[in-house]
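A short worksheet on the structure shown next.
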Amino acid sequence: MTLQQLRYFVATVESGFNISRAAQVVHTSQPGISKQIKLLEQQLGATLLNRSAGRIVGLTEAGNRVFETAKRVLRETDSLAHMGQDFLREESGRLVIATLHTYAQALLPHAAARLRDRYPRVSIELQQSSPGRIIELVRGGDVDIGITMEVPGPRSGVVALPLMTVPRLLLVPVHHPLLQHERVTLAEIVRYPFVVQTTLSAGGWAVNQVLKARGFAIEAAVTATDASLMKAYVEQGLGIAIMSAPIYNPERDLGIRGIDISHIFDPSEVTLLLDPYRYQRGYVLQFIHLLAPRWAPAAVAGEIRRFMIENEPVDLTAASHASAAPGR
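Below, the structure written as structure tokens:
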């Protein structure tokens, strides 16, 4: 069994079982991929791909198990390569973060600035995505870290580090009638038109969940993903908005006011996600520490070790033989 065989097998599955597309991904020929996959099946003693009329139509049970483990092996191999690069140039590289728009604007800039001060040769790339997609990006090794409001399940394949809780505010124009209330209610809030966030935002997800659970609906006067645009429309009186508290700065946002709604909406639980099988470069660990001082590099390493002990990987050969055993 070779790493090349595992790469060809994984590329074939991730290309939708299109051998031609997989060959382009791994820069080889179609016959080469087919030959190596057949050799892999022979060495494992199990059929990995379901074939019909000469075409690959899916994975067998053994194929599913080998596919998950093969991806893990390849990620760990890539981690070794990154580790070698780290020894040579620890202070340069790229930090890729998948997150929600609200968090990118309100929670990350300060830590990003401090990281750049410490590592001026490290570039930072932000990828805006939905909570579910962020988990997929981390698990697939497409980003270094994910920052989201969704806590993944125990079988998600990613390490979840609780970062912080973030309260929400109701933003209204300076002379809005709701400012006269000592304690606003949800029934009073939904009487007014809203400036809303799309489902890619932290606020949009949480607010929609609460509204549905309590049987309320709102009138969306304006829909936007950019927090600064939302505040501008609130200031112009087009609607009110529910947003993460760090978005509102009373010293700068002079045309709007913030109303406490902590009795209606729970604070957001901000969670940081890591691929436990990916080598975490020094500047990645430092960025996490800058975001949340409780997560010093040693603490992060300890959490990753705990996760890996609890989720011990399956042996490839054992997985294939178990799935290929009689009676299965």
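First residue of the sequence shown? That's 269 in the numbering used here, and the numbers climb one at a time after it.
Using N, Cα and C, we set each Cβ at its ideal position, and we do this for glycine too.
Helix, strand or coil for Met498 per DSSP? helix
Which of the three DSSP states, helix, strand or coil, is assigned to Thr370? Residue state, collapsed to three classes: helix.
Around the Cβ of Val419, are there at least 16 other Cβ atoms within 10 angstroms (buried) or fewer (exposed)? exposed
Candidates Ser496, Arg482, Gly483, of which the one nearest Gln465 by Cα: Ser496
Going by beta-carbon coordinates alone, are Leu540 and Ile556 separated by less than 8 Å? yes
I'd like to confirm the pairing. Which residues does DSSP put opposite Val364 in its beta bridges? Glu393
What's the call for Asp534, buried or exposed, on a 16-neighbour Cβ count within 10 Å? exposed
Helix, strand or coil at Gly414 [DSSP, three-state]: DSSP places Gly414 in strand when its eight states are reduced to three.
For Glu519, count the other beta carbons within 10 Å of its own beta carbon; 16 or more makes it buried, fewer makes it exposed. Which is it? exposed
Taking Val426 as the reference, which of Gln273, Arg574, Tyr276, Arg275 has the closest Cα? Arg574
Exposure of Phe335, with buried meaning 16 or more beta-carbon neighbours within 10 Å: buried
Within the same chain, show all residues whose beta-carbon is closer than 7 Å to that of Ala291, passing over the 5 residues directly before and after it, in chain order. Ser297, Gln298, Ile301
Over what stretch of residues does the beta strand (DSSP E) that includes Val568 continue unbroken? Where Val568 is concerned, there is no enclosing beta strand (DSSP E), although the alpha helix (DSSP H) it sits in stretches over 565-578.
Does Val325 pass the burial test, meaning 16 or more other C-beta atoms within 10 Å, or should it be called exposed? Val325 comes out exposed.
Would you decide whether Val442 is buried or exposed? Buried here means 16 or more other CB atoms lie within 10 Å of its CB. Val442 comes out exposed.
Using 8 Å as the threshold, is the C-beta distance between Ile510 and Leu454 below it? no
I need the straight-line Cα distance from Gln304 to Ala569, nearest angstrom please. 36 Å
When you compare each of Tyr387, Glu450, Ile392 to Pro377 by their alpha carbons, which one comes out closest? Ile392
Rounded straight-line distance, which links the Cα of Ala566 to that of Glu359: 19 Å
On the criterion of 16 or more Cβ atoms from any shown chain inside 10 Å, does Pro544 qualify as buried, or is it exposed? buried
Quick one: using the 10 Å Cβ neighbour count with 16 as the cut-off for buried, is Leu522 buried or exposed? Burial is judged here by how many other beta carbons sit within 10 angstroms of a residue's own beta carbon; Leu522 has fewer than 16 and is exposed.
Could you spell out where the beta strand (DSSP E) holding Val458 opens and where it closes? Note, Val458: premise wrong, no beta strand (DSSP E); not H, not E.
Is it the case that the region 486-500 contacts the region 362-378, given that we only count it when at least three CB pairs across the two stretches are under 8 Å? yes
Quick one: grab the DSSP three-state call for Leu375. coil
What's the C-alpha gap between Arg343 and Gln548? Here the alpha carbon of Arg343 sits roughly 12 Å from the alpha carbon of Gln548.
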